[in-house]
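Student: Just so we're aligned, residue 0 is where the sequence shown starts under numbering that gives the first Met the number 0, counting upward by one.
What follows is a single structure, and I will ask about it in a moment.
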Amino acid sequence: MSDKLNDIEHTFHISRGEIKKFMRDFHSEMERGLRGLSSSLAMLPTYAGRPKGTERGNFLAIDLGGTNLRIAAARLKGRRKMGSYVSDKFVLEKKHITNTGKALFDFIASCTRDFMARHKINLKEKHNIGFTFSFPVRKKRISEGILVGWTKGFSARGVKGKNVVRLLNRSLEKYIPRTSAIAITNDTVSTLVAKSYEDPCSDVGVILGTGTNACYYEKISNIEKLQTSGISSGEMIVNIEWGNFNGFKRTRFDRALDRASENPGRQFLEKMVSGLYIGNLAGLILADFWNCIKPKDFKAEYISEIESDTQKNLPGVNRVLRRFGVQDLGLSERKMVKKICAMVSVRAARLAAAAIASVVTKMDPALAKKHTIAIDGSVYEKHPGFSKLVKLTLKEIFGERAANITLKLTKDASCKGAAIVAATLSREER
Ligand code: GLC
0 MSDKLNDIEH TFHISRGEIK KFMRDFHSEM ERGLRGLSSS LAMLPTYAGR
50 PKGTERGNFL AIDLGGTNLR IAAARLKGRR KMGSYVSDKF VLEKKHITNT
100 GKALFDFIAS CTRDFMARHK INLKEKHNIG FTFSFPVRKK RISEGILVGW
150 TKGFSARGVK GKNVVRLLNR SLEKYIPRTS AIAITNDTVS TLVAKSYEDP
200 CSDVGVILGT GTNACYYEKI SNIEKLQTSG ISSGEMIVNI EWGNFNGFKR
250 TRFDRALDRA SENPGRQFLE KMVSGLYIGN LAGLILADFW NCIKPKDFKA
300 EYISEIESDT QKNLPGVNRV LRRFGVQDLG LSERKMVKKI CAMVSVRAAR
350 LAAAAIASVV TKMDPALAKK HTIAIDGSVY EKHPGFSKLV KLTLKEIFGE
400 RAANITLKLT KDASCKGAAI VAATLSREER
């Protein structure tokens, strides 16, 4: 049993040399993506820039793309300050995300109307919405987003290839005719913009949650594929869509997970790092030893529960495994279970750090300047030891220079950032 585990552990280990290779490959995929060549990194221009900090006004915001739907009302005071802010969560059920696009957007519109009624926002007045839609979209302006393909288990029909702002507005029209979405962003973009609004030194936005991805400020002159668009100076946020990065070794468990997923052949990095998949991955390894375990039912929360069990006899491990019909294990087996969970989360954290390191060195190869990374997501925030491991790996990669990278947990920024992006549009554009 332990030989078998050692073999598996070996395939999950990522050496320092492999991290270096990861970074080289990541850079070349970034370059290819920026030039418009085929690449696992889409490098999507977002048409969002650095906020000035003076943006102001009242906006609604909708955040779709994680476990919940979130709707908010934000007042921006200008002077880098957010005024009043209220937000509500709405549970997204499987039927909402796997049925038709029309059903999904009608549901969002009805929740928006309920939200406005609850918070006494006049339904008859005109309101502008910033829409955080956390999936890959192509766009030629801030108010447009053509869905490239669903990720994270979403599969609503009739949306791929369509402008989701138009689909949302069509549904809003039925429920709250004077209210419409005027801008669309990604959760990484909203997180970066919200942090930059307060702190102009921020330059990367990262999500490590249900899915994983990042964005950063790129010189427009470096985004070669934009060159025919007539925009040539300044900077623009590029949505990397790093969840789809595929330049490194996978294990037989990764391949099995991918085959059984909603989107086989895509999102390889996301399937090794993010909350939607790491539980499933640990479940697949555990099922190799205890076949009554159903990998799909093994959630990331269970890894957290197991890894935070620091008592000598590991009672938490038995507690979790009993739910899967595995009765009281001996101590050495409980240790094995804990080791399996650690293998999955250590690899996830090291890969996340390698990806962050790649983005920072794309902007600043010698890591000569200070960089603030706005980061959010359940895995980063809640998974035991995860944030510490990311930081340790950055130190392993950069040594002392890692001190130039500050990771700042930036919570609930999805809606705030969308409101700020909406506010960057001039009144005439609105
Ligand atoms: C998925 C989406 C991406 C999003 C990330 C985090 O990777 O494709 O757009 O930013 O999840 O939510």
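We put the beta carbon where it would ideally sit given N, CA and C, even for glycine.
#1: For Y196 and A102, what's the separation of their Cα atoms in angstroms?
#2: Which residues in the same chain as N221 place their Cβ atom closer than 8 Å to its Cβ, once the five residues preceding and following it in sequence are excluded?
#3: Does DSSP classify M42 as helix, strand or coil?
#4: DSSP three-state call for H26: helix, strand or coil?
#5: Quick one, which of N312, S307, L275, N317 has its alpha-carbon nearest P294's?
#6: Given a threshold of 16 other Cβ atoms within 10 Å of its Cβ, counted over all protein chains shown, does T66 qualify as buried or as exposed?
#7: Can you tell me which of the three DSSP states S232 falls into?
#8: Would you identify the three-state DSSP class for K93, choosing helix, strand or coil?
#9: Report the rounded CA-to-CA distance for N162 versus L171, giving the unit in angstroms.
#10: For the region 343 to 400, which segments carrying the beta strand (DSSP E) assignment without a break, of at least 3 residues, lie completely within its bounds, in sequence order?
#11: What is the rounded straight-line gap between the Cα of L283 and the Cα of D296?
#12: I'd like to check one pair, F21 with A422: are the Cβ atoms closer than 8 Å?
#13: By the DSSP assignment, the beta strand (DSSP E) with C214 in it spans what residues?
#14: Which ranges would you report for the alpha helix (DSSP H) in the region 82 to 159 if only whole runs of at least 4 residues count?
#15: Report all residues from its chain with a CB closer than 7 Å to the CB of M441; omit the five preceding and five following residues, and keep chain order.
#16: In whole angstroms, give me the CA-to-CA distance for A401 and S386.
#17: Rounded to whole angstroms, how far is the Cβ of T431 from the Cβ of T250, which I believe are closer than 8 Å?
#18: For the alpha helix (DSSP H) containing T66, list its first residue and its last residue.
#19: Looking at C-beta atoms only, is the number of pairs between the region 86 to 98 and the region 129 to 148 that lie closer than 8 Å three or more?
#20: Would you mind sorting A259 into buried or exposed? The rule is 16 or more other CB atoms within 10 Å of its CB.
#21: In the structure shown, what three-state DSSP assignment does N243 receive?
#22: Taking C-alpha atoms, which residue in S179, T209, V90 lies nearest to S142?
#23: Applying the criterion that 16 or more other CB atoms from any shown protein chain within 10 Å of the CB defines a buried residue, is L36 buried or exposed?
#24: Can you check which of these residues, Y174, G233, K80, H382, is closest to A193 by C-alpha distance?
#25: Should E240 be listed as close to ligand 1, given that the test is whether its C-beta is under 7 Å from any heavy atom?
#26: Check the C-beta distance from E380 over to L406 and give it rounded, since I have them as a contact under 8 Å.
#27: Under 8 Å by Cβ, that's how I've got V158 and G100 pegged, so tell me the actual separation to the nearest angstrom.
#28: Identify every residue that forms a DSSP beta bridge with L183.
#29: Just to confirm, is the Cβ distance from K368 to N403 under 8 Å?
#30: Is I206 near ligand 1, with its Cβ less than 7 Å from a heavy atom?
#31: I need the straight-line Cα distance from N121 to R140, nearest angstrom please.
#32: With respect to the alpha helix (DSSP H) encompassing V420, which residues constitute its N-terminal and C-terminal limits?
#33: Any heavy atom of ligand 1 closer than 7 Å to the Cβ of D411?
#34: For K138, tell me which candidate among R265, L366, F397, V164 has the shortest Cα-Cα distance.
#35: Indicate, with yes or no, if ligand 1 has a heavy atom lying under 7 Å from the CB of P135.
#36: If you draw a straight line from the C-alpha of A341 to the C-alpha of H26, how long is it?
Tutor: In brief:
#1: As a first step, residue 196 is located in the sequence shown; it is residue number 197 there, counting from the start. As a first step, residue 102 is located in the sequence shown; it is residue number 103 there, counting from the start. Rounded to whole angstroms, Y196 to A102 spans 35 Å at the Cα level.
#2: In the sequence shown, counting from the first residue as 1, residue 221 sits at position 222. So the list reads L33, once near-sequence residues are dropped.
#3: As a working note, residue 42 is residue 43 in the sequence shown. In the structure shown, M42 sits in coil (DSSP, three-state: anything other than H, G, I, E or B).
#4: Working through the sequence shown from its first residue, we reach residue 26 at position 27. Correct three-state label for H26: helix.
#5: The residue given as residue 294 occupies position 295 in the sequence shown. Ranking the options by Cα distance to P294, first place goes to L275.
#6: Along the sequence shown, read from residue 1 onward, the residue named residue 66 stands at position 67. Its Cβ having fewer than 16 others within 10 Å, T66 is exposed.
#7: On the sequence shown, position 233 is the one that residue 232 refers to. Correct three-state label for S232: coil.
#8: Looking up residue 93 in the sequence shown gives position 94. Helix.
#9: Here residue 162 corresponds to residue number 163 of the sequence shown, with the count starting at 1. Here residue 171 corresponds to residue number 172 of the sequence shown, with the count starting at 1. C-alpha separation (whole angstroms): 15 Å.
#10: 370 to 375
#11: Walking along the sequence shown from the start, residue 283 turns up at place 284. Walking along the sequence shown from the start, residue 296 turns up at place 297. Between L283 and D296, the C-alpha separation is close to 10 Å.
#12: As a position in the sequence shown, residue 422 is number 423, starting the count at 1. As a position in the sequence shown, residue 21 is number 22, starting the count at 1. Contact flag unset, no.
#13: Position 215 of the sequence shown holds residue 214. It spans 211 to 218 - the beta strand (DSSP E) in which C214 sits, taken as one unbroken run.
#14: 93 to 97, 100 to 117
#15: Outside the displayed range of the chain (0 to 429) lies residue 441, so it cannot be described from this structure.
#16: As a working note, residue 401 is residue 402 in the sequence shown. As a working note, residue 386 is residue 387 in the sequence shown. So the alpha carbons of these two residues sit roughly 14 Å apart.
#17: Summary: the structure shown does not reach residue 431, with the chain confined to residues 0 through 429, and so no result is reported for it.
#18: For the purposes of this step, residue 66 is taken as residue 67 along the sequence shown, with counting starting at 1. Looking at the DSSP string, T66 is not in any alpha helix (DSSP H), and its letter there is neither H nor E.
#19: no
#20: On the sequence shown, position 260 is the one that residue 259 refers to. Exposed.
#21: As a position in the sequence shown, residue 243 is number 244, starting the count at 1. N243: helix per DSSP, three-state reduction.
#22: Along the sequence shown, one-based indexing puts residue 142 at 143. Among S179, T209, V90, the Cα nearest to that of S142 is on S179.
#23: Here residue 36 corresponds to residue number 37 of the sequence shown, with the count starting at 1. L36 should be labelled exposed.
#24: Taking the first residue of the sequence shown as 1, we reach residue 193 at position 194. Closest by alpha carbon: K80.
#25: Position 241 of the sequence shown, counted from the first residue, corresponds to residue 240. At least one heavy atom of ligand 1 is nearer than 7 Å to the Cβ of E240, so yes.
#26: The residue you call residue 380 lines up with position 381 of the sequence shown. The residue you call residue 406 lines up with position 407 of the sequence shown. Rounded, the Cβ-Cβ distance is 11 Å, inconsistent with contact.
#27: Here residue 158 is taken as the residue at index 159 of the sequence shown, counted from 1. Here residue 100 is taken as the residue at index 101 of the sequence shown, counted from 1. Right, their Cβ atoms sit about 4 Å apart.
#28: Translated into positions along the sequence shown, residue 183 becomes position 184. Position check: residue 183 holds Ile in this sequence, whereas Leu was assumed. Bridge partners of I183: F130.
#29: As a first step, residue 368 is located in the sequence shown; it is residue number 369 there, counting from the start. As a first step, residue 403 is located in the sequence shown; it is residue number 404 there, counting from the start. Going by C-beta atoms, K368 is nearer than 8 Å to N403.
#30: To locate residue 206, count along the sequence shown from 1; it is residue 207. I206 Cβ: within cutoff of ligand 1.
#31: Position 122 of the sequence shown holds residue 121. Position 141 of the sequence shown holds residue 140. The alpha-carbon atoms of N121 and R140 are separated by roughly 29 Å.
#32: Residue 420 sits at position 421 when you count from the first residue of the sequence shown. It spans 412 to 423 - the alpha helix (DSSP H) in which V420 sits, taken as one unbroken run.
#33: Along the sequence shown, one-based indexing puts residue 411 at 412. Because no heavy atom of ligand 1 lies under 7 Å away, the Cβ of D411 does not count as near it: no.
#34: Position 139 of the sequence shown, counted from the start, is the residue given in the question as residue 138. Closest option to K138, Cα to Cα, is V164.
#35: Translated into positions along the sequence shown, residue 135 becomes position 136. Yes - ligand 1 has a heavy atom lying nearer than 7 Å to the Cβ of P135.
#36: For the purposes of this step, residue 341 is taken as residue 342 along the sequence shown, with counting starting at 1. For the purposes of this step, residue 26 is taken as residue 27 along the sequence shown, with counting starting at 1. Straight-line Cα distance between these residues: approximately 28 Å.
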